[in-house]
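Trainee: Chains as they are written, first to last, in my numbering: chain A, 1 to 419; chain C, 420 to 583.
Each residue gets a CB set at the ideal place from its N, CA and C atoms; glycine is no exception.
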Amino acid sequence: MPMTITEKILALHAGVDEVSPGDLIEVKVDMALANDVTAPLAIETFEKIGTKKVFDNEKIALVADHFVPNKDIPSAQQVKLMRNFARQYEIKHYFEGGESGIEHVILPEKGIVLPGQVIIGADSHTCTYGALGAFSSGVGSTDLGAVMATGEIWLKVPPTIRVEYNGSLPPNVVGKDLILYTIGLLGVEGALYCTLEFAGEVIEKLPMSQRFTMANMAVEAGGKNGIIEPDEITLAYVAERSSSEFITLKGDPDAKYEKIVNIVVDKIEPQIAFPHSPANVRPVSEAGHIQLDQVFIGSCTNGRLEDLRDAASILKGRKVARGLRLIVIPGSPWIYKKAIQAGIIEALLDAGAVIGPPCCGPCLGGHMGVLAEGEKALSTTNRNFIGRMGHPESEVYLSNPLIAAASAVLGRIGAPDEL
Amino acid sequence: MELQGKVWKFGDNIDTDLIIPARYLNVSDGSELAKHCFIDIRPDFAKDVSSGDILVAGRNFGCGSSREHAPLAIREAGISVIIAKSFARIFYRNAFNIGLPLLESEEAAEGILEGEQVAVNLASGECKNIDSGKIYTARPIPDFMRQLIKAGGLVDYIRRGEKK
Chain A
1 MPMTITEKIL
11 ALHAGVDEVS
21 PGDLIEVKVD
31 MALANDVTAP
41 LAIETFEKIG
51 TKKVFDNEKI
61 ALVADHFVPN
71 KDIPSAQQVK
81 LMRNFARQYE
91 IKHYFEGGES
101 GIEHVILPEK
111 GIVLPGQVII
121 GADSHTCTYG
131 ALGAFSSGVG
141 STDLGAVMAT
151 GEIWLKVPPT
161 IRVEYNGSLP
171 PNVVGKDLIL
181 YTIGLLGVEG
191 ALYCTLEFAG
201 EVIEKLPMSQ
211 RFTMANMAVE
221 AGGKNGIIEP
231 DEITLAYVAE
241 RSSSEFITLK
251 GDPDAKYEKI
261 VNIVVDKIEP
271 QIAFPHSPAN
281 VRPVSEAGHI
291 QLDQVFIGSC
301 TNGRLEDLRD
311 AASILKGRKV
321 ARGLRLIVIP
331 GSPWIYKKAI
341 QAGIIEALLD
351 AGAVIGPPCC
361 GPCLGGHMGV
371 LAEGEKALST
381 TNRNFIGRMG
391 HPESEVYLSN
401 PLIAAASAVL
411 GRIGAPDEL
Chain C
420 MELQGKVWKF
430 GDNIDTDLII
440 PARYLNVSDG
450 SELAKHCFID
460 IRPDFAKDVS
470 SGDILVAGRN
480 FGCGSSREHA
490 PLAIREAGIS
500 VIIAKSFARI
510 FYRNAFNIGL
520 PLLESEEAAE
530 GILEGEQVAV
540 NLASGECKNI
550 DSGKIYTARP
560 IPDFMRQLIK
570 AGGLVDYIRR
580 GEKK
């Protein structure tokens with residue numbers, strides 16, 4: 001029976017010849033991950049299950065990224081709990097301090113997640129790794145604790161919505177705009193329980209950083225996972241980062257899809273998601289005058305080197321608008337260092353940016369840029385629900401890094417061609 | 420299993436940041452989290468909710484983050500069951516994993532109003548509006564999920580050896 005790439009990966013890991021949407025299966029997990037906010041409950045679950053050892057100490061990743069460098073005493077206690085667990089069970093992939101960055105940035109960067117794998121994470125943006133051609137999905141802490149104990153998880157095979165992007169990308173339109181546009185089309189539950197498979201000539205030419213951006217936001221349309229078939233671009237990326245074995249699976253040409261959506265990109269503009277939903281999108285030319293108090297460039301969505309480079313290309317030689325705070329957070333120590341070497345950090349500093357240590361920062365209203373009552377921020381993050389970045393009476397708009405950089409200079413939402 | 424309680428009504432797309440804002444995620448204790456449940460949209464909820472109350476909501480309840488703190492805060496606040504038109508998938512899994520049952524029913528979510536008394540039978544999916552007398556039947560909970568609730572959540576389900 002012809003299968004999609006997601007179905008093939010799941011069948012392989014369930015030890016069966018084939019699966020169909022709706023099947024309840026139990027799959028073996030290649031990598032299980034949690035962060036400082038989700039690990040404590042996962043550890044509690046693990047202890048309660050009582051296996052006294054993890055299923056494989058090389059197949060678990062624990063990353064301190066949400067409320068670090070330790071935000072306050074309770075957060076410090078949570079990190080300590082995770083650290084002690086990592087030491088006790090000799091978890092190979094434990095990251096904190098100068099080795100740590102945003103989980104969904106550092107795991108692919110370090111070659112820890114690979115094509116063809118099943119990756120389960122206690123974080124909704126675990127879907128990011130689908131960009132590598134893996135099945136990767138977010139779950140809660142109890143599920144993750146159970147995976148740490150057993151190495152397996154039960155799943156319902158999702159139907160696949162295939163989105164094909166064709167045509168030529170206009171200037172300043174990047175992966176972030178494609179996914180925002182798509183979420184605008186589908187709505188926040190348009191892909192509920194489904195796989196969002198991204199394909200088409202535009203995707204085939206898309207660099208890895210933009211593929212990660214797209215897969216990252218599959219969850220915002222309700223998706224179980226986002227996925228892009230591995231190709232030469234994927235293999236080149238992986239080859240530089242891992243010498244481990246992996247499999248590349250591709251969907252059958254006659255596989256069955258729940259729905260096929262065709263998007264011609266030629267007329268798409270950079271997108272802005274307005275408060276308070278990632279699906280509330282409109283082209284930047286229709287944004288109107290939105291005065292901003294803060295711009296944040298970073299996060300697991302757009303905190304990679306290419307994103308910082310894009311931002312610096314706009315900000316170099318320019319200054320951030322008076323009264324506006326620009327915060328830039330590189331997604332990992334490696335990215336931070338490369339950005340310094342490339343003159344990106346200097347350009348950002350000269351423009352008036354605040355540079356933060358690699359972490360999630362203000363994305364979820366934790367620290368490093370929380371908003372006050374009535375403030376408006378534009379960010380390259382993935383969510384803008386009420387109170388997402390701070391006070392419930394604040395507003396968050398979402399965009400790509402180029403628009404964010406231009407807006408930081410303009411002091412309001414705008415595009416590079418307005419500079 | 421029969422549950423009865425007073426209804427707290429919410430709209431569509433109630434996301435996890437509304438259920439429990441991230442600024443409270445520096446703890447994982449359920450009773451502590453419950454104190455801040457819905458604090459940004461219904462500041463009165465935490466202090467006025469009673470054990471056994473029932474939550475009724477629209478589409479895509481629990482969308483957003485994977486934070487298990489969300490269903491945990493709701494459960495610890497005293498809510499015994501959530502009836503909604505639809506649920507976001509991670510929230511759905513999380514709720515059942517911690518023993519908080521969920522029911523999906525468009526009509527029930529539409530017809531039941533704030534403050535009404537509702538009786539719910541989890542096995543049959545029947546929701547009876549005590550005030551109006553109307554009876555709605557929710558989508559049956561998948562067999563496996565019912566077993567999770569019966570066991571009290573995923574941990575107990577695993578420990579009982581039903582999972583290998």
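(1) Beta carbons nearer than 7 Å to chain C: which residues of the stretch 121 to 147 of chain A have them?
(2) Check whether the Cβ atoms of Ala279 of chain A and Ile183 of chain A lie closer than 8 Å to each other.
(3) State the Cα-Cα distance for the pair Ala496 of chain C and Ile161 of chain A, rounded to the nearest angstrom.
(4) Please report the straight-line C-alpha distance between Ser551 of chain C and Gln423 of chain C, rounded to a whole angstrom.
(5) Which residue or residues does DSSP assign as beta-bridge partners of Ile263 of chain A?
(6) Looking at C-alpha atoms only, which residue of A:Asn225, A:Lys267, A:Asp36, A:Val139 is the closest neighbour of Cys127 of chain A?
(7) Taking the alpha carbon of Asn262 of chain A as the reference point, which residue from A:Ile203, A:Gln210, A:Met208 has its own alpha carbon closest?
(8) Which residues, taken in chain order from the stretch 234 to 256 of chain A, show a beta carbon closer than 8 Å to some beta carbon of chain C?
(9) If you drop the 5 nearest sequence neighbours on each side, which residues of the same chain put their C-beta closer than 6 Å to that of Phe198 of chain A?
(10) Our contact map puts Phe480 of chain C next to Phe515 of chain C with C-beta atoms below 8 Å; I'd like the distance itself, whole angstroms only.
(11) Within the continuous beta strand (DSSP E) that includes Leu155 of chain A, where are the two ends?
(12) For Ile502 of chain C and Ala14 of chain A, I'd like the C-alpha separation in whole angstroms.
(13) Can you pull the chain C neighbours of Phe296 of chain A, defined as C-beta to C-beta under 7 Å?
(14) Measure the alpha-carbon distance for Phe437 of chain A versus Phe46 of chain A and round it to whole angstroms.
(15) With a 10 Å radius around its C-beta and 16 neighbouring C-beta atoms as the bar for buried, classify Arg508 of chain C as buried or exposed.
(16) In three-state terms, what does DSSP make of Ser209 of chain A?
(17) For Asn84 of chain A, does the count of other Cβ atoms within 10 angstroms reach 16, so buried, or fall short, so exposed?
(18) Does the beta carbon of Ser75 of chain A come closer than 8 Å to any beta carbon on chain C?
(19) Go ahead and pull the three-state DSSP assignment for Thr556 of chain C.
(20) What number of angstroms, rounded off, separates the C-alpha of Glu373 of chain A from the C-alpha of Pro392 of chain A?
(21) Within the same chain, show all residues whose beta-carbon is closer than 8 Å to that of Ala406 of chain A, passing over the 5 residues directly before and after it, in chain order.
(22) For Glu426 of chain A, I'd like the list of residues in its chain whose CB is within less than 8 Å of its CB, leaving aside the five on either flank, ordered along the chain.
(23) Could you name the residues of the same chain whose beta carbon sits closer than 7 Å to that of Leu169 of chain A, not counting the 5 residues immediately before and after it, in chain order?
(24) Looking at chain C, which residues of the stretch 31 to 60 of chain A have a Cβ within less than 8 Å of any of its Cβ atoms?
(25) How big is the Cα-Cα spacing for Ala273 of chain A and Arg282 of chain A?
(26) Using a Cβ-Cβ cut-off of 8 Å (strictly less than) and excluding sequence neighbours within five positions of Gly352 of chain A, which residues of its own chain qualify?
(27) Leaving out the 5 sequence neighbours to the left and right, which residues in its chain are closer than 6 Å to Gln210 of chain A when beta-carbon positions are compared?
(28) Measuring alpha carbon to alpha carbon, tell me which of C:Gly430, C:Gly518, C:Ser447 ends up nearest Asp575 of chain C.
(29) Within its chain, find whatever has a CB closer than 6 Å to the CB of Asn540 of chain C; leave out the 5 residues flanking it on each side and keep chain order.
(30) Does the beta-carbon distance from Thr381 of chain A to Thr301 of chain A come in below 8 Å?
(31) Any beta carbon of chain C sitting closer than 8 Å to that of Phe95 of chain A?
(32) To which residues does DSSP link Gly352 of chain A through a beta bridge?
(33) Classify Phe296 of chain A: buried if its beta carbon has 16 or more other beta carbons within 10 angstroms, exposed otherwise.
(34) What span of residues does the alpha helix (DSSP H) with Gln341 of chain A cover, start to end?
(35) Please list the partners that Cys482 of chain C has in chain A, where partner means a Cβ-to-Cβ separation under 8 Å.
(36) Roughly how many whole angstroms lie between the Cα atoms of Ala131 of chain A and Pro230 of chain A?
Mentor: This is what the structure gives:
(1) Ala122, Asp123, Ser124, Gly138, Val139, Gly140, Ser141, Thr142, Asp143, Ala146
(2) Here residue 279 of chain A is taken as the residue at index 279 of the first sequence, counted from 1. Here residue 183 of chain A is taken as the residue at index 183 of the first sequence, counted from 1. Yes, the pair counts as a contact, with Cβ atoms nearer than the cut-off.
(3) The residue given as residue 496 of chain C occupies position 77 in the second sequence. The residue given as residue 161 of chain A occupies position 161 in the first sequence. Rounded to whole angstroms, Ala496 of chain C and Ile161 of chain A show a C-alpha spacing of 37 Å.
(4) In the second sequence, residue 551 of chain C corresponds to position 132, counting from 1. In the second sequence, residue 423 of chain C corresponds to position 4, counting from 1. Those two C-alpha atoms are separated by around 14 Å.
(5) By one-based count along the first sequence, residue 263 of chain A stands at place 263. Ile263 of chain A is bridged to A:Tyr165.
(6) Within the first sequence, the letter at position 127 stands for residue 127 of chain A. Nearest C-alpha to Cys127 of chain A: A:Asn225.
(7) Position 262 of the first sequence, counting from 1, holds the residue named residue 262 of chain A. Taking only the C-alpha atoms, the option nearest Asn262 of chain A is A:Ile203.
(8) none
(9) In the first sequence, the residue the question calls residue 198 of chain A occupies position 198. Here the set comprises Val163, Met214, Ile228.
(10) As a first step, residue 480 of chain C must be located in the second sequence, where it is residue number 61. As a first step, residue 515 of chain C must be located in the second sequence, where it is residue number 96. In fact, because the Cβ distance is near 14 Å, the residues do not count as touching under 8 Å.
(11) Mapped onto the first sequence, residue 155 of chain A falls at position 155. 152 to 156 is the extent of the beta strand (DSSP E) around Leu155 of chain A.
(12) The count along the second sequence starts at 1 and reaches residue 502 of chain C at position 83. The count along the first sequence starts at 1 and reaches residue 14 of chain A at position 14. About 32 Å.
(13) Here the question's residue 296 of chain A lines up with position 296 in the first sequence. What Phe296 of chain A touches in chain C: nothing, since even the nearest Cβ is about 15 Å away.
(14) Since the first residue of chain A shown is 1 and the last is 419, residue 437 of chain A is not available in this structure.
(15) By 1-based counting over the second sequence, the position of residue 508 of chain C is 89. Label assigned to Arg508 of chain C: buried.
(16) Your numbering for residue 209 of chain A matches position 209 in the first sequence. In the structure shown, Ser209 of chain A sits in a helix (DSSP, three-state: H, G or I).
(17) Here residue 84 of chain A refers to the residue found at position 84 when the first sequence is read from its first residue. When all chains shown are included, Asn84 of chain A counts as exposed.
(18) Here residue 75 of chain A refers to the residue found at position 75 when the first sequence is read from its first residue. With 8 Å as the cut-off, Ser75 of chain A counts as an interface residue toward chain C.
(19) Residue 556 of chain C sits at position 137 when you count from the first residue of the second sequence. Strand.
(20) What you label residue 373 of chain A is simply residue 373 of the first sequence in a count that begins at 1. What you label residue 392 of chain A is simply residue 392 of the first sequence in a count that begins at 1. Each residue's Cα considered, the two are about 7 Å apart.
(21) In the first sequence, the residue the question calls residue 406 of chain A occupies position 406. These residues qualify, in order along the chain: Ile314, Gly414, Ala415, Pro416, Glu418, Leu419.
(22) Coverage of chain A is limited to positions 1 through 419, which leaves residue 426 of chain A absent and any answer about it impossible.
(23) By one-based count along the first sequence, residue 169 of chain A stands at place 169. Around Leu169 of chain A: Val202, Val265.
(24) Under the 8 Å Cβ criterion, the stretch 31 to 60 of chain A contributes Val37, Thr38, Pro40, Leu41, Glu44, Thr45, Lys48, Ile49, Gly50.
(25) Taking the first residue of the first sequence as position 1, residue 273 of chain A is located at position 273. Taking the first residue of the first sequence as position 1, residue 282 of chain A is located at position 282. So the two alpha carbons sit approximately 7 Å from each other.
(26) The residue you call residue 352 of chain A lines up with position 352 of the first sequence. Closer than 8 Å at the Cβ level, and outside the excluded window around Gly352 of chain A, lie Lys319, Val320, Leu326.
(27) Counted from its first residue, the first sequence places residue 210 of chain A at position 210. Closer than 6 Å at Cβ, skipping near neighbours: Val174, Gly175.
(28) Within the second sequence, the letter at position 156 stands for residue 575 of chain C. Considering only alpha carbons, the answer is C:Gly518.
(29) Sequence index remark: in the second sequence, residue 540 of chain C carries index 121 (1-based). Hits under 6 Å: Glu421.
(30) The residue labelled residue 381 of chain A in the question sits at position 381 within the first sequence. The residue labelled residue 301 of chain A in the question sits at position 301 within the first sequence. Closer than 8 Å, so yes.
(31) Mapped onto the first sequence, residue 95 of chain A falls at position 95. Taking Cβ atoms only, chain C never reaches closer than 8 Å to Phe95 of chain A, which makes this a no.
(32) Looking up residue 352 of chain A in the first sequence gives position 352. When DSSP reads this structure, Gly352 of chain A sits in no beta bridge, so it has no partner.
(33) The residue you call residue 296 of chain A lines up with position 296 of the first sequence. So Phe296 of chain A ends up on the buried side.
(34) Position 341 of the first sequence, counted from the start, is the residue given in the question as residue 341 of chain A. From DSSP, the alpha helix (DSSP H) with Gln341 of chain A extends over 333 to 341.
(35) Position 63 of the second sequence, counted from the first residue, corresponds to residue 482 of chain C. The contacting residues are Val188, Glu189, Gly222.
(36) Reading the first sequence from its first residue, position 131 is the one you call residue 131 of chain A. Reading the first sequence from its first residue, position 230 is the one you call residue 230 of chain A. C-alpha separation (whole angstroms): 8 Å.
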